[in-house]
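In this text, residue positions in the sequence shown follow my numbering: the first is 2, and each later residue adds one.
We treat Cβ as the ideally placed atom computed from N, Cα and C, and that holds for glycine.
Just below is one structure, and these are the notes that go with it.
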Amino acid sequence: MEGNTKREEILDVAEAMIRNAGFNAFSTRDVASAVGIKSASVHYHFPTKADIGAAVTERYTDRFLKQLGDPGRFKGDPREAVALYVNLFRETLVRDDKLCLCAVLGAEIGGLPLEVGGHTRTFFDRNLAWLKKALTASSKMSAAEANALAVHILAALEGGMILSKALDKEKIFENVATMLKRLCEAVVAPRR
Numbered sequence: 002m003e004g005n006t007k008r009e010e011i012l013d014v015a016e017a018m019i020r021n022a023g024f025n026a027f028s029t030r031d032v033a034s035a036v037g038i039k040s041a042s043v044h045y046h047f048p049t050k051a052d053i054g055a056a057v058t059e060r061y062t063d064r065f066l067k068q069l070g071d072p073g074r075f076k077g078d079p080r081e082a083v084a085l086y087v088n089l090f091r092e093t094l095v096r097d098d099k100l101c102l103c104a105v106l107g108a109e110i111g112g113l114p115l116e117v118g119g120h121t122r123t124f125f126d127r128n129l130a131w132l133k134k135a136l137t138a139s140s141k142m143s144a145a146e147a148n149a150l151a152v153h154i155l156a157a158l159e160g161g162m163i164l165s166k167a168l169d170k171e172k173i174f175e176n177v178a179t180m181l182k183r184l185c186e187a188v189v190a191p192r193r
């Protein structure tokens, strides 16, 4: 059990370091020091830094989607699905004072090891699939419309988080969230 606990502790520390400064700003030695173990102990669980990054990203993606739940449960109105999605990003930014892990990694995609880049892309692919399914289950949108709106929502939230953090203005994210709410209201409004 101790080994599994140390493994999780290593992942927690590495995730915090990546979210604060990026993948290329930490080393296994940094992680070992923060956890209070030797570098060899980190390598026991994760032979390479890329293995740490891949495991952190995979775990983050799984946890994120678990919090979202089944996208097929939204019926008749996409606003509930979008509100849930926006709130998950809001909690990350406001409560945790962090950026989305994959926003940070996405900005570094060209310099990431292949497996970390692959898991980063998987985060975005799975999120777009979740949004698309939630939007089509909850509205009369075509698959193409749902896909376009899903891309817009994800890009707006990730960009809003980055701008809010970079400019130290939480209001920027809230403006993005408000515009997404209005966009969803326009999408579900009866056509005349």
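Over the uninterrupted alpha helix (DSSP H) stretch that includes residue i, give me the two end residues.
i, result
"ILE110", "It is not in any alpha helix (DSSP H) - ILE110 carries neither H nor E in the DSSP assignment."
"LEU89", "79-91"
"ASP126", "115-138"
"LYS213", "Past the edges of the chain, shown from 2 to 193, lies residue 213, and the structure says nothing about it."
Give the DSSP-derived three-state secondary structure of residue i in the structure shown.
i, result
"ARG193", "Confidence in ARG193 is poor, its pLDDT being 47 and thus under 50, which makes the residue's placement unreliable; the coordinate value appears in the next sentence. Correct three-state label for ARG193: coil."
"LYS7", "helix"
"GLY70", "coil"
"LEU100", "coil"
"PHE75", "coil"
"LYS219", "Absent from the structure is residue 219, since the part of the chain shown begins at 2 and ends at 193."
"LYS141", "coil"
"MET2", "Its pLDDT being 46, under 50, MET2 is placed unreliably by the model, and nothing is read from it."
(request) Could you say if the region 117-124 and the region 167-174 meet the contact criterion of at least three C-beta pairs nearer than 8 Å? (result) The answer is no - the region 167-174 does not touch the region 117-124, with fewer than three Cβ pairs under 8 Å.
(request) Answer yes if the region 133-150 comes into contact with the region 70-81, meaning at least three C-beta pairs across the two stretches below 8 Å, and no otherwise. (result) By the Cβ test, the region 70-81 is in contact with the region 133-150, since at least three Cβ pairs between them sit closer than 8 Å.
(message) At 4 residues or longer, what runs of the alpha helix (DSSP H) sit wholly inside the region 17-63?
(response) 29-36, 40-46, all fully within the region 17-63.
(request) Indicate whether the contact test is met: 3 or more Cβ pairs, each with one atom in the region 50-62 and one in the region 151-162, closer than 8 Å. (result) Not touching, per the Cβ criterion.
(message) Tell me whether the region 88-99 and the region 30-40 touch, counting them as touching only if at least three CB pairs, one residue from each stretch, are closer than 8 Å.
(response) No, the region 88-99 is not in contact with the region 30-40.
(request) Please confirm if the region 56-73 is in contact with the region 101-121, defined as three or more CB-CB distances below 8 Å between the two stretches. (result) With a cut-off of 8 Å, the region 101-121 and the region 56-73 count as touching, because enough Cβ pairs lie within range.
(request) Tell me, please, whether the region 10-30 touches the region 98-109 by the rule of three or more beta-carbon pairs shorter than 8 Å. (result) Cβ pair count under 8 Å is three or more, so yes.
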